[in-house]
Amino acid sequence: MIPKIQMDTIDEKIIKMLSANARESFATIGKSVDLSAPAVGKRVKQLEEKGFILGYSLHLNHEKFGVNVKAYINLKIHQSSTLRTASNQIKNIEEVQRCDRITGEDSLCILAYFKSNKDLVTLLERISQYGVPNTNIILES
1 MIPKIQMDTI
11 DEKIIKMLSA
21 NARESFATIG
31 KSVDLSAPAV
41 GKRVKQLEEK
51 GFILGYSLHL
61 NHEKFGVNVK
71 AYINLKIHQS
81 STLRTASNQI
91 KNIEEVQRCD
101 RITGEDSLCI
111 LAYFKSNKDL
121 VTLLERISQY
131 GVPNTNIILE
141 S
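So the sequence shown is numbered by UniProt numbering: it starts at 1 and just counts up by one.
Set out below in structure tokens:
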């Protein structure tokens, strides 16, 4: 049995603060958890090395980039032998944000952003070679 790596309450507080704002300074976090900035930095590095923190992300205002249509597309693959190929090809399409294998009748769940409905239709035509798409446009996030 693989032993579980433990975190203490200070580590949990650090992760909570970084989850809210990944750019929060170690000095500010340190004040909240009664540690110096270098001590917080050391703990963050350890959390990264132990695999608790996998990375940091950037949240964008997609509308400022001209994104007007967001959609979830479930894809029912024609043949299971093409699943991996389809997934790899679809992940490399510019508009695709995520492409996840899922359970159920459908094989893939794709999240994609488009500048127009025309761009959505183009993607649907492109991925139809792999299977049957079922599209749900996001009205609000």
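Note that the Cβ used here is the ideal one computed from N, Cα and C, for glycine as well.
Asp11 and Arg23 have their C-alpha atoms spaced approximately 17 Å apart. Contact between the region 70 to 88 and the region 30 to 41 is absent: fewer than three C-beta pairs spanning the two stretches fall below 8 Å. Excluding its 5 nearest sequence neighbours in each direction, Ala112 has C-beta neighbours in its own chain below 7 Å: Ala71, Ile73, Glu95, Val96, Gln97 and Leu123, listed in chain order.
Here DSSP, grouped into helix, strand and coil, assigns Phe26 to helix. Assignment of Lys115 by DSSP, reduced to helix, strand and coil, places it in the coil class. When the beta-carbon positions are compared, Cys109 and Asp100 come within less than 8 Å of each other.
Between the alpha carbons of Phe65 and Lys115 lies a distance of about 9 Å.
Take the alpha-carbon of Glu125 and the one of Val44: they are about 45 Å apart.
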